[in-house]
Structure formats: C-alpha cells, structure tokens
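Inspection log for the structure reproduced underneath, given as structure tokens.
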Amino acid sequence: MDNKISKDTVLLTVDQVAERLHCSTHHVGYLRQYGFIEATRFARAWLYTEDEVDRFIRDSVGKDYWNFRTMTIEGAHKKLNA
C-alpha cells in the first residue's frame, strides 16, 4: 500500500469530517476505531484525507452506521457488509 501523500492532498480535521457527514465528532471517532474510515494521527489530532472521506460516503450509500457502536467490531463489519 502506498502511504505517500501528494502535495495536492487535502487533509481534514475531525470537525470538518463531522460537518461533511452531518454527525458528531464522537461518531467520526467510532467510524475510525471500527475501521470504516482511515485516518492518520499527527501529534494529538486525527487527520483524514478528502479522498478517504469521499470514498466512505460513496461506499456507505444505503447503509446504516448509527447503531453499530453497540456491536462488536466483527459484528458491525458483518452487518454492514451483508
């Protein structure tokens, strides 16, 4: 996997991602913890690429990510990938 970021890559903060997804910053954190959206930790901040957020939005059409927090990680992935 190529982890290099080009100089044209747009990085977003948790607040910016939450605004784009119309959810709380806590929910963005859960999405990251459960592996549904990738991020990079820089100092004390989590940064998300704009491409990753766009990919998540495209891939999540028709899926319900609201109640997955009450499941195990494996159960959440199984439900959302069914």
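Under numbering that gives the first Met the number 0, read the sequence shown as residues 0 to 81, first letter to last. For each residue, glycine too, the CB sits at the ideal point set by N, CA and C.
Beta-carbon proximity of residue i to residue j, cut-off 8 Å
i	j	result
residue 45	residue 54	no
residue 27	residue 20	yes
residue 47	residue 56	no
residue 72	residue 33	yes
Continuous beta strand (DSSP E) stretch holding residue i: start and end
i	result
residue 17	Premise fails: residue 17 lies in the alpha helix (DSSP H), 13 to 20, not in any beta strand (DSSP E).
residue 39	39 to 41
Selection from the options that minimises the alpha carbon distance to residue i
i	options	result
residue 42	5, 12, 18 and 57	12
residue 7	23, 38, 80 and 50	50
Limits of the alpha helix (DSSP H) - the one that residue i falls within
i	result
residue 47	That residue, residue 47, is in no alpha helix (DSSP H); its beta strand (DSSP E) goes 44 to 48.
residue 27	24 to 32
Cβ-based burial, residue i [other Cβ within 10 Å; buried from 16]
i	result
residue 16	buried
residue 60	exposed
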